Amino acid sequence: MFPVPLTPGCLSRERDLQVTSSGEGGILIQDIAMVSSSRVLVTEQTNDTVKLLDSQGSKLVSKLPLSSRPVRVCLLRDGRAVVTLPNQKRIQFIRVDGDTLSLDGTIDVKEPVIGIAVSNNHLILSYSNPGRLEKITMEGRVTHQLNNHTAGRELFKIPCFITSSHDGNIFITDYGTNTIGQLDQNLQVVQTFTSPMLKSPAGIVTVSNTQLLVAGCNSNNILMLDTTTGSMTSLLGQTEGIQRPWALGWCPVSRKLYVVFLVGKTTINVYSRK
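FYI, in the working numbering the residues of the sequence shown are 1 to 274.
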């Protein structure tokens, strides 16, 4: 399936995705990952759980209690997901078997992990205080590192979210510098992107090798970044219900965008390409 270019006005809001089950109140969702066109995985800090949701029926399918508050989540190619547990300085693997979630091993790290993504069968991790990146194997061995000292300049303050494209590029949003960085597999900086329209970039997802969607948490918008030109275009804003966007999920099959907000909400906004 070829990626469909996104342009202003091409996304329309659909019915929100319900996250809570009966009896639950406001919650804090930290991240989202698309398992399939009908299954969505979210990390919920309020109850220290990972939830599997039915995006078509808008209901809870399964939930898995964790030993600490989960933050970031990303999917692996082998049917598993990986979740960060910063308070325990740990990465938790989770097996997704149909509609069942189960624990599947851990990796201990030296500092709390902020962002995580998978690229070329390795994990890309980000840290703050000071901001830096690591590339590690699935067993936890560090293969590459990048920090402000080795780069010779301040690259990162709060490298928040990470994603990778099919051609091997790695993209990081830095909440503290209002910058998006593009890196290669050796964690070398290829280029950086900024825009007056983007404040406090958070969630980032790949639509194609040259198009990415970025959440502007304090600019209250969703921007489309064209990496060939460096231009950013506003696709959604406050008029479309965007207020403090935090994490993003993009499904290339259904062509739907899922937006998580930095507030205690019981739903996730859903937008589909017209």
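Backbone N, C-alpha and C fix where the C-beta goes; we use that ideal spot for every residue, glycine too. Predicted, not measured: the structure shown is a model, and the values here were computed from it.
Nearest neighbour of Phe-193 by Cα position, chosen from Leu-212, Gly-9, Gln-243, Asp-78, turns out to be Leu-212. Beta-bridge analysis with DSSP links Trp-250 to Leu-257. Glu-134 carries a strand assignment under DSSP once its states are collapsed to helix, strand and coil. The criterion of a C-beta distance shorter than 7 Å is satisfied by Ser-126 and Ile-162.
Taking C-beta separations shorter than 8 Å and ignoring five residues to either side along the sequence, the partners of Arg-244 in its chain run Cys-217, Asn-218, Asn-220, Phe-261, Leu-262, Val-263, following chain order. Nearest C-alpha to Asn-129 among Val-96, Ser-164, Asp-174: Asp-174. Annotated three-state conformation of Asn-221 is strand, per DSSP. For Gly-105, the uninterrupted beta strand (DSSP E) segment begins and ends at 100 to 108. The three-state secondary structure of Glu-240, taken from DSSP, is helix.
The DSSP-derived three-state label of Asn-87 is helix. Runs of the beta strand (DSSP E) lying entirely within the segment 164 to 197, each at least 3 residues long, are 170 to 174, 179 to 183, 189 to 193 in chain order. The Cβ-Cβ distance between Val-113 and Cys-74 does not fall below 7 Å. Within the DSSP bridge table, the entry for Asp-97 names Thr-100 as partners.
Around the beta carbon of Lys-51, a 10 Å sphere encloses 16 or more other beta carbons of the protein chains shown; the residue is thus reported as buried. Taking Ser-254 as reference, the option from Tyr-271, Asp-48, Ser-68, Leu-53 with the minimal CA-CA separation is Tyr-271. The residues Arg-80, Ser-102, Asp-104, in chain order, have a CB closer than 6 Å to that of Arg-95 in the same chain once the five nearest residues on each side in sequence are set aside.
The distance from the Cβ of Trp-250 to that of Val-207 is about 6 Å, consistent with a contact at the 8 Å cut-off.
When rounded, the separation of the alpha-carbon atoms in Pro-8 and Ile-29 is 27 Å.
One Cα belongs to Thr-84, the other to Leu-123, and the distance between them is close to 11 Å.
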